[in-house]
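Below: one structure, written as C-alpha cells.
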Amino acid sequence: MDVIKEDQVLDCTGMLCPMPVVKTTKAMKELQSGQILKMIATDPGAPPDMEAWSRQTGNELLRSTTEDGKFVFYLKKK
Amino acid sequence: MSKSDPNAPKRLALIASKGTLDWAYPPFILASAAGAMGWEVGIFFTFYGLTLLKPKLSAAVTPLGNPAMPMKMPFGPEGFQNINWPIPQLVMANVPGFNALATTLMKQTFENKGVATIEELRQMCIDLDVRMIGCQMTMDVFGFKREDFIKECEIGGAATFLEYAADADVQLFI
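Chains A and B are the protein sequences, given in the same order.
With this note's numbering applied, the first sequence has no gaps in its numbers, which climb one by one up to 1082 at the end.
With this note's numbering applied, the second sequence has no gaps in its numbers, which climb one by one up to 180 at the end.
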C-alpha cells in the first residue's frame, strides 16, 4: 500500500456519533483544496459514517483502514 | 428553494416534540450530522421540545412508565455495569429523587461512553448554522416569553415550519 502523507491529523479516539463527523467537518475547513486529513476514531460506526460523509460532502475518502485497533481515514479536501 | 435549484444542498426538516434527556438526543445528533455533511437543517421545537431552547438546559429522564429503558450503573466492575436492574415501577414512583438519580446515572453513562452532552450538541448545531424555530403556540400555552429562549433561535408557527419542510429532502417527527 502506498504511503499517504497527511497535512493534518485529527484524533477522535473515544468519541461516539456524531462527534467524529462534526469534528472532521470543522478540521476540513482549516485545510486548502487538495490537502489531506488523517482522522483516527474508535467508534465502530465511523467507517460507514465516513463513507457517507465523503459521498455527501464530495471530499474524497482516499483510504479507510485500521491501525493498532483503531479506524484510520485519509480524506482529501475537494 | 432546494427543489428548483439542482445545485442547492440537501435539506433536513425536523420536529422536536419531546423535552426529556433521552429524546433530546435524536434531533441534535441528526441535525449536527446533517450540518456536518453540508446539508441545510431546520428544527421546529414544539410542545415539550420547546424547553430544549432554554439557555440553561435541565432535561431529565424518567424510567417510570418507560419499560424499555435499561437501568444500569455507570461505575464499578464491568459485570456490575452490565446488570440491568429490575426496579419495580412502584419503587420508581415512590422513592423521592428517583428521577434525579436516573438522570444522573444516564448522564454519567453517556459521558463514560464518549457521547457529547446536549449542551455541546446544541452548540455544534448553532455553529453549523442549523435553523432553530421555537413554536409560538407552545409559548402562549405554557406562558413562555421570547427572552426565555436562546437568542440564536427564531419564533414561528406551523406555517413557518411547513414552508421550510416542503422543500426538504428528509422530514422527521421526533
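Ideal placement from N, C-alpha and C gives every residue a C-beta, glycine not left out.
Is there a Cβ from chain B that is less than 9 Å from the Cβ of residue i?
{"i": "GLY1018 of chain A", "result": "yes"}
{"i": "LEU1069 of chain A", "result": "Per the sequence shown, the amino acid found at residue 1069 of chain A is Thr instead of Leu. No, THR1069 of chain A lies away from the interface with chain B (no Cβ there is under 9 Å from its Cβ)."}
{"i": "ASP1053 of chain A", "result": "yes"}
{"i": "LYS1030 of chain A", "result": "yes"}
{"i": "GLN1036 of chain A", "result": "no"}
{"i": "ASP1047 of chain A", "result": "yes"}
{"i": "ALA1056 of chain A", "result": "yes"}
{"i": "ILE1008 of chain A", "result": "no"}
{"i": "GLN1060 of chain A", "result": "yes"}
Taking 9 Å as the CB-CB limit, is residue i close to chain A?
{"i": "LYS157 of chain B", "result": "no"}
{"i": "ASP175 of chain B", "result": "no"}
{"i": "ASP135 of chain B", "result": "no"}
{"i": "GLY162 of chain B", "result": "no"}
{"i": "ARG67 of chain B", "result": "The question names Arg, but residue 67 of chain B in the sequence shown is Val. So, not an interface residue."}
{"i": "TRP29 of chain B", "result": "no"}
{"i": "ILE35 of chain B", "result": "yes"}
{"i": "VAL121 of chain B", "result": "yes"}
{"i": "MET138 of chain B", "result": "no"}
{"i": "MET130 of chain B", "result": "yes"}
{"i": "MET43 of chain B", "result": "yes"}
{"i": "LEU127 of chain B", "result": "yes"}
{"i": "LYS78 of chain B", "result": "no"}
{"i": "LYS16 of chain B", "result": "yes"}
Quick check: residue i and residue j, are their CB atoms within less than 9 Å of each other?
{"i": "PHE50 of chain B", "j": "THR166 of chain B", "result": "yes"}
{"i": "VAL47 of chain B", "j": "VAL101 of chain B", "result": "no"}
{"i": "LEU111 of chain B", "j": "LYS151 of chain B", "result": "no"}
{"i": "ASN1045 of chain A", "j": "PHE1075 of chain A", "result": "The amino acid at residue 1045 of chain A is misidentified as Asn; the sequence shows Ala. Contact flag set, yes."}
{"i": "LEU1041 of chain A", "j": "LEU1079 of chain A", "result": "yes"}
{"i": "VAL176 of chain B", "j": "ALA19 of chain B", "result": "yes"}
{"i": "PHE98 of chain B", "j": "LEU134 of chain B", "result": "It is Met, not Phe, that sits at residue 98 of chain B in the sequence shown. Their beta carbons are not under 9 Å apart, which means MET98 of chain B does not touch LEU134 of chain B by this criterion."}
{"i": "LEU27 of chain B", "j": "THR109 of chain B", "result": "yes"}
{"i": "GLY1049 of chain A", "j": "LYS1081 of chain A", "result": "no"}
{"i": "MET1023 of chain A", "j": "GLY120 of chain B", "result": "yes"}
{"i": "CYS141 of chain B", "j": "GLY162 of chain B", "result": "yes"}
{"i": "ALA39 of chain B", "j": "ASP1053 of chain A", "result": "yes"}
{"i": "GLY44 of chain B", "j": "GLN1012 of chain A", "result": "no"}
{"i": "MET1043 of chain A", "j": "PHE1077 of chain A", "result": "yes"}
{"i": "MET138 of chain B", "j": "GLU160 of chain B", "result": "yes"}
{"i": "ARG128 of chain B", "j": "PHE53 of chain B", "result": "no"}
{"i": "ASN105 of chain B", "j": "ALA66 of chain B", "result": "yes"}
{"i": "GLY41 of chain B", "j": "THR1028 of chain A", "result": "no"}
{"i": "LEU178 of chain B", "j": "LEU36 of chain B", "result": "yes"}
{"i": "LEU1065 of chain A", "j": "ILE1008 of chain A", "result": "no"}
{"i": "THR115 of chain B", "j": "PRO83 of chain B", "result": "no"}
So residue i contacts chain E; which residues on that side make the cut at Cβ distance below 9 Å?
{"i": "SER38 of chain B", "result": "Note that chain E does not occur in the displayed structure, where the protein chains are A and B."}
In the DSSP output, which residue or residues are listed as bridge partners for residue i?
{"i": "VAL1013 of chain A", "result": "A:LYS1042"}
{"i": "GLU983 of chain A", "result": "This structure leaves residue 983 of chain A out entirely; chain A is present only between 1005 and 1082."}
{"i": "THR1070 of chain A", "result": "A:PHE1075"}
{"i": "PHE179 of chain B", "result": "B:ILE21"}
Are there any heavy atoms of the ligand GDP lying less than 8 Å away from the beta-carbon of residue i, as far as the coordinates show?
{"i": "THR1061 of chain A", "result": "Although the ligand GDP was asked about, the structure shown includes no ligands whatsoever."}
Is the region 154 to 168 of chain B close to the region 55 to 66 of chain B, with three or more CB pairs under 8 Å? Contact between the region 154 to 168 of chain B and the region 55 to 66 of chain B is established, with three or more Cβ pairs separated by less than 8 Å.
Which runs of the beta strand (DSSP E) spanning at least 3 residues fall entirely within the region 7 to 88 of chain B, listed in chain order? Here the runs fully enclosed are 17 to 22, 46 to 51.
Counting only runs of 4+ residues fully inside the region 110 to 174 of chain B, write out the alpha helix (DSSP H) ranges in chain order. With a minimum length of 4 residues, the continuous alpha helix (DSSP H) runs that stay inside the region 110 to 174 of chain B are 124 to 133, 142 to 148, 164 to 172.
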